[in-house]
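K.L.:
Counting in the working numbering, the sequence shown runs from 85 upward without gaps.
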Amino acid sequence: MENKQTTPAHVIEADAVIIGAGPVGLFQVFELGLLEIKAHVIDSLPVVGGQCVELYPDKPIYDIPAVPMCTGQELTDNLLKQIAPFEPTFHLNQEVTLVQRREDGRFDLETSQGQRFITKTIFIAAGVGSFQPRTLKVEGIDAFEGTQVFYRVKNPSQFEGKNLVICGGGDSAVDWALALADKAESIVILHRRDDFRAAPASVAKMKEMCENFEMQCIIGQVSGIETKDDKLSELKVTGADGVTRRLPLDDLLVFFGLSPKLGPIADWGLDIERKQLKVISTEKFETNIPGIFAVGDINTYPGKKKLILSGFHEAALAAFGAAAYIFPEKKIHMQYTTTSPKLHKILGVETPVFD
């Protein structure tokens, strides 16, 4: 599957653009693909999977039909396998900044990287909005973001031989501490309490390494910083006992989770209720703007339940609703993947022969 980074001058004409590459956005690709509609998928994160992969990649999910248990990463991986026959194009690490109706009924759409689209339909599957890292609220810390303070790890090798402080108690913080343990000169995990939210096996491994003096765990919060020669040199850490101590470091990694923001979606003329998009009916999950559909946690309607399986159902009906815009002269017939030779051909599988 292609993560297409195109030049700003190139305009892509599309039948469908999906905003959001979480589980529901990925399943929307599948439902559109069964109707022979090719999709482009845009996400603000650098990887697909949305909240499942960013917040709980290794935590179990128990309510996916016919799948007794899977992790967020496994669910994402299986969805990618399922949609592979439809060859969607992914445009990652960019937000949709502009959506405007054209005179011909289609939409102009533009991203933060300058990629432009002209599309017949739009599917907003953005979960609770685009995710932005929760930042450390300490005076002066912003000046070192990207040089000594990092909210995501893009290049692990840059931390080799460094004295690292890693803030946070979730999977990202603990997993990166374990991953960088054999690269960094030293690692201190700093968390506000002794209760970690990361996977139990990872926490156990981290505590074992602390007992063996391979890393250190400190309970407290960053309350200030010290600089030397225009570089971040020390953190002021206030412990549960109220005492503030100094903690020297080379680099600081902060994993406080992600904060959802509705972002530019709020400016597109859509009906919004409590930071969610209202759909005009549950027949096709279309918003107040014809041709724009909302599926998954981003939408709201009477009886709405924020479940992945609910989003899958919404994606199926939204695909049929969109087909009327994409194939206005074509009657769409309901077909079943179990028996339809046409769908078997689309999926690249053989039609079974029964005696």
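We put the beta carbon where it would ideally sit given N, CA and C, even for glycine.
Suppose only complete runs of 3+ residues qualify. What are the beta strand (DSSP E) ranges in the region 372-431, listed by chain order?
P.N.:
Listed in chain order, they are 376-378.
K.L.:
Considering Cα atoms alone, identify which of 120, 267, 332 and 384 is closest to residue 210.
P.N.:
Taking the first residue of the sequence shown as position 1, residue 210 is located at position 126. With distances taken between Cα atoms, residue 210 lies closest to 384.
K.L.:
What I want to know is whether the C-beta of residue 128 ends up closer than 7 angstroms to one or more non-hydrogen atoms of the ligand SAM.
P.N.:
The ligand SAM is not part of the structure shown, which contains no ligands of any sort.
K.L.:
If you reduce the DSSP assignment to three classes, tell me which class residue 347 lands in.
P.N.:
Residue mapping note: residue 347 aligns to position 263 of the sequence shown, counting from 1. Helix.
K.L.:
Among 303, 112, 267 and 258, which residue has its Cα nearest to the Cα of residue 284?
P.N.:
To locate residue 284, count along the sequence shown from 1; it is residue 200. When only C-alpha atoms are compared, the closest one is 258.
K.L.:
Going by Cα to Cα distance, which pick from 144, 160 and 98 is closest to residue 153?
P.N.:
Your numbering for residue 153 matches position 69 in the sequence shown. Among 144, 160 and 98, the Cα nearest to that of residue 153 is on 144.
K.L.:
List the whole-angstrom C-beta distance separating residue 133 from residue 156, where the pair is believed to meet the contact cut-off of C-beta under 8 angstroms.
P.N.:
Within the sequence shown, residue 133 is the residue found at index 49, counting from 1. Within the sequence shown, residue 156 is the residue found at index 72, counting from 1. At roughly 7 angstroms, the Cβ-Cβ gap stays under 8 angstroms, so residue 133 and residue 156 are in contact.
K.L.:
Determine the closest residue to residue 138 out of 174, 288, 182 and 216, with distance taken between C-alpha atoms.
P.N.:
The sequence position of residue 138 within the sequence shown is 54, counting from 1. The shortest C-alpha separation from residue 138 is found at 216.
K.L.:
For residue 161, which three-state DSSP category applies?
P.N.:
The residue you call residue 161 lines up with position 77 of the sequence shown. Helix at residue 161.
K.L.:
Could you tell me which residues DSSP pairs with residue 225 in its beta bridges?
P.N.:
The residue you call residue 225 lines up with position 141 of the sequence shown. Answer is none; residue 225 lacks a bridge partner.
K.L.:
Would you kindly report the start and end of the unbroken beta strand (DSSP E) that includes residue 308?
P.N.:
Within the sequence shown, the letter at position 224 stands for residue 308. It spans 300-312 - the beta strand (DSSP E) in which residue 308 sits, taken as one unbroken run.
K.L.:
If we count the other Cβ atoms within 10 Å of its Cβ and call it buried at 16 or more, is residue 418 buried or exposed?
P.N.:
On the sequence shown, position 334 is the one that residue 418 refers to. Residue 418 is exposed by the Cβ-count criterion.
K.L.:
Taking only the alpha-carbon atoms, compute the straight-line gap between residue 392 and residue 147 and give it to the nearest angstrom.
P.N.:
If you number the sequence shown from 1, residue 392 lands on position 308. If you number the sequence shown from 1, residue 147 lands on position 63. So the two alpha carbons sit approximately 8 angstroms from each other.
K.L.:
Count the other CB atoms within 10 Å of the CB of residue 250; is the residue buried (16 or more) or exposed (fewer)?
P.N.:
Numbered from 1 along the sequence shown, position 166 holds the residue referred to as residue 250. Buried: at least 16 other Cβ atoms inside 10 Å.
K.L.:
Taking the C-alpha atoms as reference points, what is the distance between residue 330 and residue 272?
P.N.:
Numbered from 1 along the sequence shown, position 246 holds the residue referred to as residue 330. Numbered from 1 along the sequence shown, position 188 holds the residue referred to as residue 272. C-alpha separation (whole angstroms): 13 angstroms.
K.L.:
For residue 254, which residues from the same chain have a beta carbon less than 7 angstroms from its beta carbon, with the 5 sequence-adjacent residues on both sides left out?
P.N.:
On the sequence shown, position 170 is the one that residue 254 refers to. Only 281, 282, 339 and 341 meet the Cβ criterion.
K.L.:
According to DSSP, simplified to helix, strand and coil, what is residue 89?
P.N.:
Numbered from 1 along the sequence shown, position 5 holds the residue referred to as residue 89. Low confidence applies to residue 89: its pLDDT is 46, below 50, so where it sits in the model is not reliable enough to give any reading.
K.L.:
For residue 245 and residue 292, what's the separation of their Cα atoms in angstroms?
P.N.:
Residue mapping note: residue 245 aligns to position 161 of the sequence shown, counting from 1. Residue mapping note: residue 292 aligns to position 208 of the sequence shown, counting from 1. Each residue's alpha carbon lies about 22 angstroms from the other.
K.L.:
Could you give the DSSP three-state label for residue 174: helix, strand or coil?
P.N.:
One-based indexing of the sequence shown puts residue 174 at position 90. Reduced to three states, the DSSP call for residue 174 is strand.
K.L.:
If residue 352 sits next to residue 183, beta carbons under 8 angstroms apart, how far is it from one beta carbon to the other, in whole angstroms?
P.N.:
As a working mapping, residue 352 is identified with position 268 in the sequence shown. As a working mapping, residue 183 is identified with position 99 in the sequence shown. Correct: roughly 5 angstroms between the Cβ atoms.
K.L.:
Cutting at 6 angstroms between CB atoms, please list the residues of its own chain near residue 376, excluding the five before and the five after it.
P.N.:
As a working note, residue 376 is residue 292 in the sequence shown. Closer than 6 angstroms at Cβ, skipping near neighbours: 206.
K.L.:
Tell me the start and end of each unbroken alpha helix (DSSP H) in the region 189-270 that is at least 4 residues and wholly inside, in chain order.
P.N.:
Listed in chain order, they are 255-264.
K.L.:
Throw me the rounded Cβ distance for the residue 379 and residue 357 pair, which I believe falls under 8 angstroms.
P.N.:
What you label residue 379 is simply residue 295 of the sequence shown in a count that begins at 1. What you label residue 357 is simply residue 273 of the sequence shown in a count that begins at 1. Wrong, their Cβ atoms sit about 16 angstroms apart, outside the cutoff.
K.L.:
Restricting to Cα atoms, I'd like to know which of 239, 394, 434 and 275 is closest to residue 300.
P.N.:
Your numbering for residue 300 matches position 216 in the sequence shown. The option with the nearest alpha carbon to residue 300 is 275.
K.L.:
Taking the DSSP output, what are the residues bridged to residue 320?
P.N.:
Along the sequence shown, one-based indexing puts residue 320 at 236. 308 and 330, per the DSSP bridge assignment.
K.L.:
Could you give the distance in angstroms between the alpha-carbon of residue 174 and the alpha-carbon of residue 127?
P.N.:
Mapped onto the sequence shown, residue 174 falls at position 90. Mapped onto the sequence shown, residue 127 falls at position 43. Approximately 8 angstroms between the Cα atoms of the pair.
K.L.:
With three or more beta-carbon pairs closer than 8 angstroms as the criterion, would you say the region 114-127 touches the region 165-181?
P.N.:
Counting Cβ pairs under 8 angstroms, three or more are found: they touch.
K.L.:
Under the rule that 16 or more other beta-carbon atoms within 10 Å means buried, what is residue 99, buried or exposed?
P.N.:
Here the question's residue 99 lines up with position 15 in the sequence shown. Flag for residue 99 reads buried.
K.L.:
Near residue 305, which residues of its chain fall below 6 angstroms by C-beta distance, leaving aside the five closest residues on each side in sequence?
P.N.:
Walking along the sequence shown from the start, residue 305 turns up at place 221. The residues are 276 and 322.
K.L.:
Within its chain, find whatever has a CB closer than 6 angstroms to the CB of residue 435; leave out the 5 residues flanking it on each side and keep chain order.
P.N.:
Working through the sequence shown from its first residue, we reach residue 435 at position 351. Once the five neighbours on either side are set aside, the close Cβ partners of residue 435 are 425 and 428.
K.L.:
Verify whether the separation of the beta carbon atoms of residue 167 and residue 407 is less than 8 angstroms.
P.N.:
Counting from one through the sequence shown, the residue named residue 167 turns up at place 83. Counting from one through the sequence shown, the residue named residue 407 turns up at place 323. No, these two residues do not count as a Cβ contact at 8 angstroms.
K.L.:
Taking residue 298 as the reference, give the member of 307, 247 and 390 with the closest Cα.
P.N.:
Here residue 298 is taken as the residue at index 214 of the sequence shown, counted from 1. With distances taken between Cα atoms, residue 298 lies closest to 247.
K.L.:
Check whether the region 353-372 and the region 191-205 are in contact - that is, three or more C-beta pairs closer than 8 angstroms.
P.N.:
Not touching, per the Cβ criterion.
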